[in-house]
Amino acid sequence: MSVLRFTPEQYEAHLSRLKAAVPVPVVEVSPKAAEPAAARERVRALGRLKTGEMNKTEAAYEKALADRKHAGEIVWYAFEAITFVLPGGVRYTPDFVVQLATGEIEIHEVKGYWEEDARQKIKIAQGAFPFRFIGIRKRPKKEGGGWDIEDFWKW
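Heads up: the sequence shown is residues 8 to 162, going by this note's numbering.
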């Protein structure tokens, strides 16, 4: 894996992208949207934790990060360490900021399952900031366990 380095032209292009308005993505209505709103909110309300507290999936992924740190693959990681301000003033706090042994910084978002709004937010963040955004989904035990990794990097 190489270290992210900008040429002067790439840096200027990046700055111009940051200054340009990011179009609001069009989100198609999924079949889930047909579910009663009260049922969806009840499920979400049960899953909310206080800021700074990890859910079981995040805690399991932190153990995987600790193992990678012990193996020397990563140097440092932190949970909910930074908040990005996206176009329109929308705030996005990723689950983990990870520094690889190469010096690269990655942003890891851990999900048990992906809602489309979360995927759109991470895509917008990837377009606005010079970090690699990685989506991590816990694979169910019946599918062999482990982690599915989705790289949002588009440079």
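Ideal placement from N, C-alpha and C gives every residue a C-beta, glycine not left out. Because the structure is a prediction, the values reported are computed rather than measured.
_Between the CA atoms of K148 and Q17 - distance to the nearest angstrom_ = In the sequence shown, the residue the question calls residue 17 occupies position 10. In the sequence shown, the residue the question calls residue 148 occupies position 141. Going from the Cα of Q17 to the Cα of K148 covers about 43 Å.
*Among I141, G152, G151, which has the Cα closest to the Cα of D158?*
Residue 158 sits at position 151 when you count from the first residue of the sequence shown. The option with the nearest alpha carbon to D158 is I141.
*Using three-state DSSP, classify E69 as helix, strand or coil.*
The residue you call residue 69 lines up with position 62 of the sequence shown. If DSSP states are grouped into helix, strand and coil, E69 belongs with the helices.
_Could you tell me the alpha carbon to alpha carbon distance between H163 and E123, rounded to whole angstroms?_
Because the chain is modelled from 8 through 162, residue 163 falls outside the range shown and cannot be assessed.
*For the candidate residues G95, D74, E87, K63, whose alpha-carbon lies nearest to that of I114?*
The count along the sequence shown starts at 1 and reaches residue 114 at position 107. Nearest C-alpha to I114: E87.
*In angstroms, rounded to a whole number, what distance separates the CA positions of T90 and T109?*
Residue 90 sits at position 83 when you count from the first residue of the sequence shown. Residue 109 sits at position 102 when you count from the first residue of the sequence shown. Between the C-alpha atoms of T90 and T109 there is a straight-line separation of about 23 Å.
*So, are the CB atoms of Y120 and R144 less than 8 Å apart?*
Taking the first residue of the sequence shown as 1, we reach residue 120 at position 113. Taking the first residue of the sequence shown as 1, we reach residue 144 at position 137. Cβ distance < 8 Å, so Y120 and R144 count as in contact.
*Under three-state DSSP, which class holds Y120?*
Numbered from its first residue, the sequence shown carries residue 120 at position 113. If DSSP states are grouped into helix, strand and coil, Y120 belongs with coil.
_Three-way DSSP call (helix, strand, coil) for I131 in this model_ = The residue labelled residue 131 in the question sits at position 124 within the sequence shown. Judged by DSSP in its simplified three-state form, I131 adopts helix.
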